[in-house]
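Heads up: the structure comes next, in structure tokens.
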């Protein structure tokens, strides 16, 4: 069941879609002790429906969690994986952080941008590819790295990256270097990020040779980490860590104050929501 709220949010989802999203959202909310903690995966859920975090998706999340649309929008605009305009079928991300850049990431980015005729967070006219300049793909051992809907394509060059883009545009299958054996659509990946498995978690290669080189060296040299002390974990200065709900904890603080739920405040929030959703 969704949270009861006196605030009314407009949404243009048809009855069937609304019921399906509600059922999925209820399953997401059930994972958390506080319903508002479900907002991040719920944003991925509505993104899997619309291809971006749409105004109606924001309104849906707000109504289901008892939040204002301003609160939901504040979260949706903070994280780059939430798109505020329609995304392509495939997000092609080129890492241009330090290691990838000096290994050729900048050259890959410039070549792909020229080849596709688009810049950062822009989409080709056919709606197939959205190009992104990514700060880090967490795959420095395979630099330079390109990702397609967050599947790895390692040790790339301008030529290989361009071929990937051409194959995607032509509707040909592309095979990631590691992980899943194929690339799904942006909407399908958004649903996975919402926490709904697609049965592909155990496909393909996981940790490759470069990733395992350090641990293999440690085993060969018989290097081990010091044992972690057992017992109560002490904070700096000898004091114990604060308990949940304790004096220094925010976990049990009320979400709202009396001013937040006053009739005047509720009317102001409702007017603001209506203006954003109209």
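In our numbering, the protein residues as written are 1 to 278. Beta carbons are placed, not taken as given, at the ideal position from N, Cα and C, and that holds for glycine. Here the structure is a predicted model, which is why all the values come from computation and not from measurement.
At the C-beta level, residue 195 and residue 28 come within 8 angstroms of one another. Counting C-beta pairs with one atom in each stretch, the segment 216-231 and the segment 78-88 have fewer than three that are closer than 8 angstroms, which means they do not touch.
Nearest to residue 189 by alpha-carbon distance, out of 95, 100, 150 and 206, is 150. The beta carbon of residue 183 is closer than 6 angstroms to those of 148, 149, 151 and 174 in its chain, skipping five residues each way along the sequence.
Within the same chain, no Cβ atom closer than 6 angstroms to the Cβ of residue 77 is found once the five residues on either side in sequence are excluded. In the pairwise beta carbon analysis, the segment 103-115 is classified as touching the segment 162-176: at least three pairs are separated by under 8 angstroms.
Around the CB of residue 51, 16 or more other CB atoms lie within 10 Å, so the residue is classed as buried. Around residue 96, the same chain offers 105, 106, 109, 133, 134 and 135 as residues with beta carbons nearer than 8 angstroms, after the five sequence neighbours per side are excluded.
Around the beta carbon of residue 30, fewer than 16 other beta carbons lie within 10 angstroms, which makes this residue exposed.
The Cβ-Cβ distance between residue 39 and residue 65 falls below 8 angstroms.
Between residue 91 and residue 130 the beta-carbon gap is near 5 angstroms, inside 8 angstroms, which marks them as a contact.
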